[in-house]
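Visitor: Before I ask anything, let me first share the structure, which is written out below as structure tokens.
2 protein chains.
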Amino acid sequence: MTENAPLHVQLYDEMIHRIRTGVWQPGDRVPSEKSLVAEFGTSRGPVRQALSTLRSEGMISGGRGAPPRVQRTAPAQSFDTFMSFTEWAHELGLEPGQRVIEAGRRPATEDIARELQVLPESPVVEIIRVRYLDEKPAMLERSLFPFDVGRPLLSADLDGGSLYATLCSLGIVPVRARHVIDAIAAHPLEVEQLRVAPGAPLLRVRRIAYDEHGAIIETADDRYLPSMASFVVENSSERRTPLARQAAGATAELFDAPSR
Amino acid sequence: MTENAPLHVQLYDEMIHRIRTGVWQPGDRVPSEKSLVAEFGTSRGPVRQALSTLRSEGMISGGRGAPPRVQRTAPAQSFDTFMSFTEWAHELGLEPGQRVIEAGRRPATEDIARELQVLPESPVVEIIRVRYLDEKPAMLERSLFPFDVGRPLLSADLDGGSLYATLCSLGIVPVRARHVIDAIAAHPLEVEQLRVAPGAPLLRVRRIAYDEHGAIIETADDRYLPSMASFVVENSSERRTPLARQAAGATAELFDAPSR
DNA sequence: CCCGAAAAGTAGTCATGACAACTCTCCGGG
DNA sequence: CCCGGAGAGTTGTCATGACTACTTTTCGGG
Chain Y
1387 MTENAPLHVQ LYDEMIHRIR TGVWQPGDRV PSEKSLVAEF GTSRGPVRQA
1437 LSTLRSEGMI SGGRGAPPRV QRTAPAQSFD TFMSFTEWAH ELGLEPGQRV
1487 IEAGRRPATE DIARELQVLP ESPVVEIIRV RYLDEKPAML ERSLFPFDVG
1537 RPLLSADLDG GSLYATLCSL GIVPVRARHV IDAIAAHPLE VEQLRVAPGA
1587 PLLRVRRIAY DEHGAIIETA DDRYLPSMAS FVVENSSERR TPLARQAAGA
1637 TAELFDAPSR
Chain L
1387 MTENAPLHVQ LYDEMIHRIR TGVWQPGDRV PSEKSLVAEF GTSRGPVRQA
1437 LSTLRSEGMI SGGRGAPPRV QRTAPAQSFD TFMSFTEWAH ELGLEPGQRV
1487 IEAGRRPATE DIARELQVLP ESPVVEIIRV RYLDEKPAML ERSLFPFDVG
1537 RPLLSADLDG GSLYATLCSL GIVPVRARHV IDAIAAHPLE VEQLRVAPGA
1587 PLLRVRRIAY DEHGAIIETA DDRYLPSMAS FVVENSSERR TPLARQAAGA
1637 TAELFDAPSR
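As given, the protein sequences belong to chains Y and L, one line each in that order.
When we follow the numbering used here, the leftmost residue of the first sequence carries the number 1387, and every step to the right adds one.
When we follow the numbering used here, the leftmost residue of the second sequence carries the number 1387, and every step to the right adds one.
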């Protein structure tokens, strides 16, 4: 599997395997770098790099001279799992479902054009879906794609699988995303589709996804039933998580001029 | 300032300064490692370490052989800024305000005991405050501390400054925290204090803060007016952000047995 | 003029060696 | 029995050197 992967990745895999299987218990001290070096037969570099990766995920902690300890922490989800509702559901052992409310192309309004970084009036693809977990409605998703990106989606099997997977198989791969999280009252569409009372609180996640070149692939507005999903972030003074609390009004700014 | 800080930190500071002042423009290619090494007169190690830190914050991107580019990204907030409402407000240039609703000690219920990892019936300190930004209510904060941690807070100047700053000055320093974000309807207390309609959507952030030893310092339940604040997270496939979407019901699990 | 192959340049990876800063353990004095 | 200090152990930091994988540029042939 990781046969010809870089050494430090192999070491990382081995270490995280030991943590998950309990060979290294939470609270335990991790073996010293010296002993790890001896065990794996590498130099100190890759070992430190692997440990550094673990630390950046909050799996271990420790400082100068202090023996690092395994932390009990929420496992950081892979990018794929976080981006794809379908993959997330599968990881939970639940059956993802969906119903397409709307799927079509239309000219971009000024707001949409600014968000997607396209010219006003240029065509965009809009897809609105209700997402289910084991038959129960969980989220209302409204996605917007530039026309080039979204066109193949319209002819794809919308009811079948994951839009995310479809895009990836077409060579359109998101590698970066920004999520703005807040709360909002349920509007008529959500009332109907999510079966909640008018004005009920929903967890809103607005997302912008970029490809490897920094071009915008998608903007989305996901509205979750708080009874079905929530979000977890870990934070520490050692490592700076790309996480910020922002004042209202600053939101618009975030949708401005990203790179290239 | 950073006179005797480690080299790679000095380099990081210099680089981020160049990004902020626009010397390195978003979309620009960052100077090559070789030229940076030549300019700063160090070896490649510290330069790479500084670049690696920038990358982990999403400030730059790039791969093998590819020239790294500066990304337009939400600046990652420091741990302090994210944890302290007071500091956050100051950074925004707004005047933080507060009003204490309740402050006292009481015996831990079973739920609270489990969250704080203390024995049931053992005393805990509870502080409930309304927080203001420029006189406008922004958030209702309910904090729970183990008695040892919270006792000095009761005699401190509650109306004056930041609890967070007070704790730090006492040598009780949070270094790690976990935040669970969801939405909730406004209850009577929020209706009264935040001046919203009953049932209005609020953004709820439940937080557990740990000290350097992994002991729990605080659990908190913050309820923001979505019109006043939101949260931003960045995400990429290269670096794994400690971020996860979780199903309801899994929440309780997160408040379980952390390390030591 | 266009396209493809070679060359140059860049970042990723790894090894080795060394010193500094800090923590933990252990032991002896009070 | 408690406390403090010395020493051992561990991690953080930095330098140097080398090779690999990939991208960008250049240049020559068609």
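Using N, Cα and C, we set each Cβ at its ideal position, and we do this for glycine too.
All of these numbers come straight from a predicted model, not from anything done at the bench.
Starting from Y:Phe1533, find everything on chain L with Cβ-Cβ shorter than 7 Å and list it in chain order.
Guide: On the first sequence, position 147 is the one that residue 1533 of chain Y refers to. Neighbours of Y:Phe1533 on chain L: none; closest Cβ ~23 Å, over 7 Å.
Visitor: Please report the residue range of the beta strand (DSSP E) in which L:Leu1519 lies.
Guide: For the purposes of this step, residue 1519 of chain L is identified with residue 133 of the second sequence, where counting begins at 1. Element bounds for L:Leu1519: Pro1509 to Leu1519.
Visitor: Would Y:Thr1605 and Y:Glu1501 qualify as a contact pair, given that the criterion is a beta-carbon distance under 7 Å?
Guide: Your numbering for residue 1605 of chain Y matches position 219 in the first sequence. Your numbering for residue 1501 of chain Y matches position 115 in the first sequence. Contact: yes.
Visitor: Taking only runs that begin and end inside the stretch 1418-1478 of chain L, name each unbroken alpha helix (DSSP H) of 4 or more residues, in chain order.
Guide: 1419-1426, 1430-1442, 1465-1469 and 1471-1478
Visitor: Rounded to the nearest angstrom, what separates L:Ser1555 and L:Ile1603 at their Cα positions?
Guide: Locating residue 1555 of chain L in the second sequence gives position 169, counting from the first residue. Locating residue 1603 of chain L in the second sequence gives position 217, counting from the first residue. If you take the alpha carbons of L:Ser1555 and L:Ile1603, they lie about 14 Å apart.
Visitor: Listing by chain order, which chain Y residues have their CB less than 7 Å from the CB of L:Ser1622?
Guide: For the purposes of this step, residue 1622 of chain L is taken as the residue at position 236 of the second sequence. Correct list: Phe1465, Val1561 and Arg1562.
Visitor: What does L:Trp1410 reach in chain Y if we use C-beta pairs closer than 7 Å?
Guide: As a position in the second sequence, residue 1410 of chain L is number 24, starting the count at 1. Correct list: empty, because the minimum Cβ distance to chain Y is about 12 Å.
Visitor: Apart from the five residues just before and just after Y:His1394, which ones in its own chain have a Cβ nearer than 8 Å to its Cβ?
Guide: Within the first sequence, residue 1394 of chain Y is the residue found at index 8, counting from 1. Answer for Y:His1394: Gly1431, Pro1432, Val1433, Gln1435, Ala1436 and Thr1439, listed in chain order.
Visitor: Measuring CB to CB, does L:Ser1447 end up less than 7 Å from L:Arg1455?
Guide: Reading the second sequence from its first residue, position 61 is the one you call residue 1447 of chain L. Reading the second sequence from its first residue, position 69 is the one you call residue 1455 of chain L. Going by C-beta atoms, L:Ser1447 is nearer than 7 Å to L:Arg1455.
Visitor: Does the Cβ of Y:Gly1390 have 16 or more other Cβ atoms within 10 Å, making it buried, or fewer, making it exposed?
Guide: The count along the first sequence starts at 1 and reaches residue 1390 of chain Y at position 4. Note that residue 1390 of chain Y is Asn in the sequence shown here, rather than Gly. So Y:Asn1390 ends up on the exposed side.
Visitor: Looking at C-alpha atoms only, which residue of L:Met1401, L:Pro1392 and L:Met1445 is the closest neighbour of L:Glu1624?
Guide: As a working mapping, residue 1624 of chain L is identified with position 238 in the second sequence. Comparing Cα positions, the closest option is L:Met1445.
Visitor: Under 8 Å by Cβ, that's how I've got L:Arg1492 and L:Val1516 pegged, so tell me the actual separation to the nearest angstrom.
Guide: Locating residue 1492 of chain L in the second sequence gives position 106, counting from the first residue. Locating residue 1516 of chain L in the second sequence gives position 130, counting from the first residue. Contact doesn't hold; Cβ gap of about 20 Å is too wide.
Visitor: Go ahead and label L:Leu1422 buried or exposed: buried means 16 or more other beta carbons lie within 10 angstroms of its beta carbon, across all protein chains shown.
Guide: For the purposes of this step, residue 1422 of chain L is taken as residue 36 along the second sequence, with counting starting at 1. L:Leu1422 is buried by the Cβ-count criterion.
Visitor: According to DSSP, is L:Pro1628 part of a helix, a strand, or is it coil?
Guide: Reading the second sequence from its first residue, position 242 is the one you call residue 1628 of chain L. Of the three classes helix, strand and coil, the one that applies to L:Pro1628 here is coil, per DSSP.
Visitor: Since Y:His1403 is in the beta strand (DSSP E), which residue starts that stretch and which ends it?
Guide: On the first sequence, position 17 is the one that residue 1403 of chain Y refers to. Run containing Y:His1403: none in the beta strand (DSSP E); it sits in the alpha helix (DSSP H), Leu1393 to Arg1406.
Visitor: Could you list which residues in chain Y have their beta carbon closer than 7 Å to that of L:Ile1570, in chain order?
Guide: Counted from its first residue, the second sequence places residue 1570 of chain L at position 184. Residues of chain Y passing the Cβ test: Pro1587 and Pro1612.
Visitor: L:Tyr1398 to L:Glu1473, Cα distance in whole Å?
Guide: On the second sequence, residue 1398 of chain L is found 12 positions in, with the first residue counted as 1. On the second sequence, residue 1473 of chain L is found 87 positions in, with the first residue counted as 1. C-alpha separation (whole angstroms): 23 Å.
Visitor: What separation, rounded to the nearest whole angstrom, lies between the Cα atoms of L:Leu1539 and L:Ala1551?
Guide: Sequence index remark: in the second sequence, residue 1539 of chain L carries index 153 (1-based). Sequence index remark: in the second sequence, residue 1551 of chain L carries index 165 (1-based). In a straight line, the C-alpha of L:Leu1539 is about 11 Å away from that of L:Ala1551.
Visitor: When you compare the CB positions of Y:Arg1528 and Y:Ile1514, do they come within less than 7 Å of one another, or not?
Guide: Taking the first residue of the first sequence as 1, we reach residue 1528 of chain Y at position 142. Taking the first residue of the first sequence as 1, we reach residue 1514 of chain Y at position 128. With respect to the 7 Å criterion, Y:Arg1528 and Y:Ile1514 are classified as neighbours on the basis of their beta carbons.
Visitor: With DSSP collapsed to three states, give me the class of Y:Leu1563.
Guide: The residue labelled residue 1563 of chain Y in the question sits at position 177 within the first sequence. Contrary to the premise, residue 1563 of chain Y reads as Ala rather than Leu in this sequence. DSSP places Y:Ala1563 in strand when its eight states are reduced to three.
Visitor: If we ignore side chains and look at the alpha-carbon of each, how far apart do L:Ala1643 and L:Thr1407 end up?
Guide: Reading the second sequence from its first residue, position 257 is the one you call residue 1643 of chain L. Reading the second sequence from its first residue, position 21 is the one you call residue 1407 of chain L. Legend: pLDDT at L:Ala1643 = 37, less than 50; position of this residue unreliable, no value from coordinates given.
Visitor: Using DSSP's beta-bridge definition, name the partner residues of L:Asp1608.
Guide: Within the second sequence, residue 1608 of chain L is the residue found at index 222, counting from 1. In DSSP, L:Asp1608 forms a bridge with L:Glu1527 and L:Val1591.
Visitor: For a cutoff of 7 Å on Cβ pairs, would you count Y:Ser1645 as touching chain L?
Guide: Translated into positions along the first sequence, residue 1645 of chain Y becomes position 259. For Y:Ser1645, the pLDDT reaches just 34, beneath the cut-off of 50, and the residue's location in the model is therefore unreliable, although a value from the coordinates is still provided. It does; some Cβ of chain L falls within 7 Å.
Visitor: Helix, strand or coil: how does DSSP classify L:Arg1485 here?
Guide: One-based indexing of the second sequence puts residue 1485 of chain L at position 99. Of the three classes helix, strand and coil, the one that applies to L:Arg1485 here is strand, per DSSP.
Visitor: Span of the alpha helix (DSSP H) holding Y:Leu1535?
Guide: On the first sequence, position 149 is the one that residue 1535 of chain Y refers to. Note that residue 1535 of chain Y corresponds to Val in the displayed sequence, not to Leu. It spans Phe1533 to Ser1541 - the alpha helix (DSSP H) in which Y:Val1535 sits, taken as one unbroken run.
Visitor: Drop a sphere of 10 angstroms on the beta-carbon of Y:Asp1520, count the other beta-carbons inside from all chains shown, and report buried for 16 or more, exposed for fewer.
Guide: Reading the first sequence from its first residue, position 134 is the one you call residue 1520 of chain Y. It is exposed - the Cβ of Y:Asp1520 has fewer than 16 other Cβ atoms within 10 Å.
Visitor: Please state whether the Cβ-Cβ distance between L:His1565 and L:Val1591 is less than 7 Å.
Guide: Position 179 of the second sequence, counted from the first residue, corresponds to residue 1565 of chain L. Position 205 of the second sequence, counted from the first residue, corresponds to residue 1591 of chain L. Taking 7 Å as the Cβ cut-off, L:His1565 and L:Val1591 qualify as a contacting pair.
Visitor: Is L:Leu1588 near L:Ala1524, with beta carbons less than 7 Å apart?
Guide: In the second sequence, the residue the question calls residue 1588 of chain L occupies position 202. In the second sequence, the residue the question calls residue 1524 of chain L occupies position 138. No.
Visitor: Between the alpha carbons of Y:Gln1503 and L:Gln1411, how many angstroms are there, rounded?
Guide: The sequence position of residue 1503 of chain Y within the first sequence is 117, counting from 1. The sequence position of residue 1411 of chain L within the second sequence is 25, counting from 1. Straight-line Cα distance between these residues: approximately 19 Å.
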